[in-house]
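The opening position of the sequence shown corresponds to residue 408 in my numbering, with each subsequent residue numbered one higher.
Glycine included, C-beta positions come from ideal geometry on N, C-alpha and C.
Below: the structure, in structure tokens.
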Amino acid sequence: RVRGGTAFNWQGHHVAVLAVKSGGGLGAGLVELEVATVASLPAHIAAATVSGDATYRLRVPHEIHMITLHHSGSPEPLRPEDDPVSKLRGLQSWGQSDRNWWDVPYHYLIDLQGRIYEGRDHRYMGETNTRYDPEGHLLISVIGNYDLQRPNAAQLESITQLMTWAAAHFDVPPERIYGHGDMTETSCPGRYLKPYVDDGTFRREVAARLDA
408 RVRGGTAFNW QGHHVAVLAV KSGGGLGAGL VELEVATVAS LPAHIAAATV SGDATYRLRV
468 PHEIHMITLH HSGSPEPLRP EDDPVSKLRG LQSWGQSDRN WWDVPYHYLI DLQGRIYEGR
528 DHRYMGETNT RYDPEGHLLI SVIGNYDLQR PNAAQLESIT QLMTWAAAHF DVPPERIYGH
588 GDMTETSCPG RYLKPYVDDG TFRREVAARL DA
């Protein structure tokens, strides 16, 4: 028996028990683990008996073969007077303190003006609070809550441009563009963004731009 927050070595592997999620709410019933070979880790992490803070987290290399759209799902909509950089710093701090993530969970994020921000290095797997494996996914998130607000034209254009770049750069066919809700049971990327995924709008636009 092991508790959340502990770590141990077993048959040449270092196992960190990040969290045991009991009770209700998002992620209930999940146990979060990180496993790496002892030889691949810095000595102080390989010898640790605690899972440690965000500085201990693994950066998992991956090859991108899907593009997945999210929204940040904040309690309130993103407003014109809000500072998106402050929102991103808050997301980063929350992820490190509450989720033990080494960086923001998404690779790219988009604000109300359609400006694109780089989040987590896309060479490494993103994170999720839900039951799907984000390895191989380029995670794009629109800042705000799109169950409560509608995306504007600038945001839709930036999503399409970013997806087109990613499809070309990582050789991802447009049919492998998804919403978070295609991967697991969630309303993400929100009821006002999800239709653009469900009806194939983003896939068609990306395919047309790639052809052009």
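- In the DSSP assignment, find the unbroken alpha helix (DSSP H) run with Ile452 in it and report its ends. Ala450 to Ala453
- Query: Looking at C-alpha atoms only, which residue of Gly431, Val442 and Ser479 is the closest neighbour of Gly419?
  - Reply: With distances taken between Cα atoms, Gly419 lies closest to Val442.
- Message: My assumption, with CB atoms under 8 Å, is that Asn620 sits in contact with Pro484. Please give the rounded CB distance.
- Response: The requested residue 620 is not part of the displayed model; the chain covers only 408 to 619.
- How would you label Pro415, buried or exposed, when you count the other beta carbons within 10 angstroms and need 16 or more for buried? In the sequence as displayed, the identity of residue 415 is Phe instead of Pro. Classification for Phe415: exposed.
- Message: The beta strand (DSSP E) that contains Trp417, what's its start and end?
- Response: Counting along the chain, the beta strand (DSSP E) containing Trp417 begins and ends at Ala414 to Trp417.
- Item | Residues near Pro558 by beta carbon distance below 7 Å, same chain, minus five either side | Val549, Tyr599 and Leu600
- Query: Do the stretch 456-476 and the stretch 581-588 touch if we need at least three Cβ pairs shorter than 8 Å?
  - Reply: Segments in contact, yes.
- Gly502 and Leu516 look like a contact to me (Cβ under 8 Å); what is the Cβ gap, rounded to whole Å? About 13 Å; that fails the 8 Å criterion.
- Message: With a threshold of 6 Å on Cβ separation, who are the neighbours of Val479 within its own chain once the five nearest residues in sequence on each side are excluded?
- Response: As written in the sequence, residue 479 is Ser, which differs from the Val given in the question. Excluding residues within five positions, the ones whose Cβ falls inside 6 Å are Ser548 and Ile550.
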